[in-house]
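Written out below as structure tokens is the structure these notes cover.
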Amino acid sequence: MAAKLLETSNIKKYFGGLKVLQDVNISLDYGELLCILGPNGAGKTTFFNVISGTFKPTGGKVVFEGKNIAGLPIHKYARMGIMRKFQVPSIFDDLSVRENLAVAMIANRNSAPSNDRIMEVIDIIGLKTFIDTEAGNLAHGQKQWLEIGLAIITDPKLLLLDEPTAGMTADETAKTASLINSLRGQYAIIVIEHDMHFVRALNSYTIILHKGTNFREGSFSQIESDPEVKEIYMGRK
Amino acid sequence: MKWNPIIFRFKLPPTLKQLVDERIWLVAFIGLAGLLLAYPLWADGYSLNLVRDMLIFGIVALSLDWLWGKGGMLSFGHAAFFGIGAYSMAITSINLDWGFSSLLGLFASVAIPGIIALLIGYFLIFAGVRGAYFVIVTLAIGIVSQQAAISWVSVTGGDSGLLGIPPLGFTLGDHRFQLDNSLSLYYVVLTVALLSLLFLWQLSRGLYGNLLKGIENNEKRAQSLGHNTSLHLLIVMISSAMLAGLAGGLYASCTGFVAPDLLSLMLSTEIFVWVAVGGRGTLLGPFIGAFIIMRLQQVVSSISTGLWPLVIGAIFIIIVFVFPDGILPFIRKFVVRFKLLFEKSGVKHGR
Chain A
0 MAAKLLETSN
10 IKKYFGGLKV
20 LQDVNISLDY
30 GELLCILGPN
40 GAGKTTFFNV
50 ISGTFKPTGG
60 KVVFEGKNIA
70 GLPIHKYARM
80 GIMRKFQVPS
90 IFDDLSVREN
100 LAVAMIANRN
110 SAPSNDRIME
120 VIDIIGLKTF
130 IDTEAGNLAH
140 GQKQWLEIGL
150 AIITDPKLLL
160 LDEPTAGMTA
170 DETAKTASLI
180 NSLRGQYAII
190 VIEHDMHFVR
200 ALNSYTIILH
210 KGTNFREGSF
220 SQIESDPEVK
230 EIYMGRK
Chain B
0 MKWNPIIFRF
10 KLPPTLKQLV
20 DERIWLVAFI
30 GLAGLLLAYP
40 LWADGYSLNL
50 VRDMLIFGIV
60 ALSLDWLWGK
70 GGMLSFGHAA
80 FFGIGAYSMA
90 ITSINLDWGF
100 SSLLGLFASV
110 AIPGIIALLI
120 GYFLIFAGVR
130 GAYFVIVTLA
140 IGIVSQQAAI
150 SWVSVTGGDS
160 GLLGIPPLGF
170 TLGDHRFQLD
180 NSLSLYYVVL
190 TVALLSLLFL
200 WQLSRGLYGN
210 LLKGIENNEK
220 RAQSLGHNTS
230 LHLLIVMISS
240 AMLAGLAGGL
250 YASCTGFVAP
260 DLLSLMLSTE
270 IFVWVAVGGR
280 GTLLGPFIGA
290 FIIMRLQQVV
300 SSISTGLWPL
310 VIGAIFIIIV
320 FVFPDGILPF
330 IRKFVVRFKL
340 LFEKSGVKHG
350 R
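From first to last, the protein sequence lines stand for chains A and B. Read in numbering that gives the first Met the number 0, the first sequence has 150 at position 151, and its numbers run on one by one without any break. Read in numbering that gives the first Met the number 0, the second sequence has 59 at position 60, and its numbers run on one by one without any break.
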């Protein structure tokens, strides 16, 4: 059996006495889409910080393409093909959309940069009329798309999207869902969300994270109908 | 790390704003270069030396702008690198009795500040020291190096400094070649100034400049895209220190003496003001800033010597309030606005 793209086993992350992640296990194939859902404080972003190299896990293994990668410097993660979109839009404010993408593109050493590729990505993220706009002047939703563009122009193997629809209008959320659906299959994607509508639109394998452990996993419809999941989300009646 | 020349080769189509910027820059550069090249035609020896020294300080300002304006790291002890360069030149060329000792001194004035910047920069930058913390540490470096120059009397000559630095040149057998007249020194300094200006401009106008700006904007983002940002910043810091050191070496061999005030906090502050006045990140601006401020200093000091600190303080406050980006960006803003106005009324702008 070929190795999985990403496998984490028994990930633990403690901050002093605060046990944010106790035991998180996921496994992901090339091109697969996975949603991680969970209420605030469940440890979703911490988990992303661990698999993108920002935090070193207290215990457990992060195995990417068969290698344990926990503890490497951040830029090495990117060069292996793990690309992350942060929760708050994180782009280069003083550079134009095109320059943003160019700076991202040259970080990838595996393929030659080209202006055509930049235009292609601008097309995918729907910012064609904003090519020379300074990124700091874009609307919130557009910044989020640009950040997704920054990630995909590096040709990653794994895309980590931390709340890609945070602060978006319903319209923008729908657009983002179709953007992610169009990327499906090309890259393995992990999406963190707490917006149920958005996750429904993606309709993928879903893991519920609760108090730092895998609480439930399965297809979205299974998860949605689970009474205990409803309970942690809505509270007891 | 794999050498990645793509950064220097790949070009993006420029925007209108960039075209205007580059045109202003080139016009200003050619104007300044022409003026300075022709200056010896009417200048006397004294003013020639004066402008030569201004050019040397212009190079120091340029090196700080490279670090601060392009790399986003403000050094408040930049005179340290300049002074260390000058002392390296002085100590090497005075103590070594060899035909090429002044050239070796010039090499030392570039290499030693570079090595010091490598050591300090490695521990600071790779440890994540940025922003105000970086400023504070560089401030301390400036003070420490000045104290070292004052206290280490046997090597540095203490408060009185070192005298009798031989002019730049070399002896080969019976042949002796020396740059000891004002005119040739002036042209050597001018050449170094113009070349380093052009080189840094060329380096930063393309994608590499964008990358540096990106790192300054959002280093975490650049890092998580796969850029080794600390390494990029370290290279900028080392090259900046080397350029400042080169200016120091030239200064020592031009004037023939070095003293601890070459490493002083006062000089560091002045370098900072030159860059701020000229326009941080414009490369050419700091040159112009250095010229304006030093000329002003001469005028003010001829009225009263105590007046200068007051005046430079006032200038700094005015700059911060009236044109916080410096002179060159202030002019640019006007030209861009004018040009946009012109285009709106004229031909329709198409892609």
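Using N, Cα and C, we set each Cβ at its ideal position, and we do this for glycine too. If you're wondering where the values come from, they're calculated on a predicted model, not measured in any experiment.
Between which two residues does the beta strand (DSSP E) carrying residue i extend?
i	result
methionine 72(B)	No beta strand (DSSP E) holds methionine 72(B); DSSP gives it neither H nor E.
glutamate 192(A)	187-192
aspartate 161(A)	157-161
isoleucine 29(B)	Isoleucine 29(B) -> not in any beta strand (DSSP E); alpha helix (DSSP H) instead, spanning 15-37.
isoleucine 35(A)	32-36
Give me whichever residues DSSP pairs with residue i in a beta bridge.
i	result
glycine 217(A)	Thr205(A)
tyrosine 13(A)	Lys18(A)
glycine 58(A)	Lys11(A)
serine 26(A)	Glu6(A)
asparagine 67(A)	Val62(A)
lysine 84(A)	Leu160(A)
arginine 183(A)	Tyr186(A)
phenylalanine 256(B)	Leu162(B)
glutamate 133(A)	Ser95(A)
threonine 212(A)	Asp22(A), His209(A)
Please work out which residues of its chain come closer than 7 angstroms, Cβ to Cβ, to residue i, disregarding the five sequence neighbours upstream and downstream, and give them in chain order.
i	result
valine 198(A)	Cys34, Leu36, Glu192, Thr205, Phe219
glycine 278(B)	Gly284, Asp324, Gly325, Ile326, Leu327, Pro328
proline 155(A)	Gly80, Ile81, Met82, Tyr186
glycine 225(B)	none
lysine 12(A)	Val19, Leu20, Thr45, Val49, Phe54, Pro56, Thr57
glycine 135(A)	Asp92, Asp93
leucine 202(B)	none
glycine 136(B)	Per the sequence presented here, residue 136(B) reads as valine, with glycine not at that position. Cβ within range, chain order: Leu123, Val128.
histidine 9(A)	Reading the sequence as shown, one finds asparagine at residue 9(A) and not histidine. Hits under 7 angstroms: Asp22, Asn24, Gly58, Gly59.
Just reading off the alpha helix (DSSP H) that residue i is part of, what are its end residues?
i	result
arginine 78(A)	73-79
isoleucine 90(A)	Premise fails: isoleucine 90(A) is in no alpha helix (DSSP H) and is neither H nor E.
aspartate 115(A)	114-123
asparagine 99(A)	96-104
alanine 313(B)	307-321
lysine 127(A)	No alpha helix (DSSP H) holds lysine 127(A); DSSP gives it neither H nor E.
alanine 79(B)	77-94
proline 285(B)	283-302
glycine 278(B)	That residue, glycine 278(B), is in no alpha helix (DSSP H); it is neither H nor E in DSSP.
leucine 102(B)	100-124
valine 50(B)	44-64
glycine 140(A)	139-151
asparagine 48(A)	43-50
Suppose the cutoff is 6 angstroms on Cβ atoms and the five residues either side in sequence are ignored; what does the same chain contact list for residue i look like?
i	result
serine 26(A)	Lys3, Glu6
threonine 162(B)	Residue identity check: residue 162(B) is leucine in the sequence provided, not threonine. Taken in chain order, the residues that qualify are Phe256.
histidine 139(A)	Gly166
valine 61(A)	Thr7, Ile50, Ile68, Ala69
methionine 104(A)	Pro112, Ile152
glycine 217(A)	none
Do we get a CB-CB distance below 8 angstroms when we pair residue i with the residues of chain D?
i	result
serine 203(B)	This model lacks chain D altogether; the protein chains it does include are A and B.
For residue i, which residues of its own chain have a beta-carbon under 8 angstroms away from its beta-carbon, when the five flanking residues on both sides are left out?
i	result
tyrosine 207(B)	Ile6, Phe7
task: Give a yes or no on contact between the region 55-75 of chain A and the region 201-218 of chain A, applying the rule of three or more CB pairs nearer than 8 angstroms.
output: no
query: Can at least three beta-carbon pairs, one atom from the region 67-83 of chain B and one from the region 103-116 of chain B, be found at a separation below 8 angstroms?
result: yes
Secondary structure, alpha helix (DSSP H): runs of 4+ residues fully inside the region 146-180 of chain B: 152-155
message: Using 8 angstroms as the cut-off, can you tell me whether the region 48-61 of chain B makes contact with the region 180-199 of chain B, which would need three or more C-beta pairs spanning the two stretches below that distance?
response: For the pair of segments examined, the region 48-61 of chain B was found to touch the region 180-199 of chain B: the number of CB pairs separated by less than 8 angstroms reaches three.
- request: Note down, one range per segment and in chain order, each alpha helix (DSSP H) of at least 4 residues found wholly within the region 213-254 of chain B.
  value: 218-224, 228-254
query: So, do the region 191-199 of chain B and the region 41-59 of chain A have three or more beta carbon pairs nearer to each other than 8 angstroms?
result: no
- prompt: Do the region 291-306 of chain B and the region 86-106 of chain B meet, that is, are 3 or more Cβ pairs less than 8 angstroms apart?
  reply: no
query: Is the region 32-41 of chain B close to the region 213-225 of chain B, with three or more CB pairs under 8 angstroms?
result: Taking 8 angstroms as the limit for Cβ pairs, the verdict is that the region 213-225 of chain B does not touch the region 32-41 of chain B.
task: Check whether the region 57-65 of chain B touches the region 112-131 of chain B, counting contact only when three or more Cβ pairs, one atom from each stretch, lie closer than 8 angstroms.
output: no
message: Count Cβ pairs between the region 254-268 of chain B and the region 6-17 of chain B that sit closer than 8 angstroms; are there 3 or more?
response: Result no; under three Cβ-Cβ pairs closer than 8 angstroms.
message: Tell me whether the region 164-172 of chain B and the region 266-278 of chain B touch, counting them as touching only if at least three CB pairs, one residue from each stretch, are closer than 8 angstroms.
response: no
query: Counting pairs of beta carbons, one from the region 203-214 of chain B and one from the region 91-98 of chain A, are three or more of them closer than 8 angstroms?
result: Three or more Cβ pairs closer than 8 angstroms define a contact, and the region 203-214 of chain B meets that threshold against the region 91-98 of chain A.
field: the region 116-130 of chain B touching the region 228-244 of chain B, judged by at least three CB pairs closer than 8 angstroms
entry: yes
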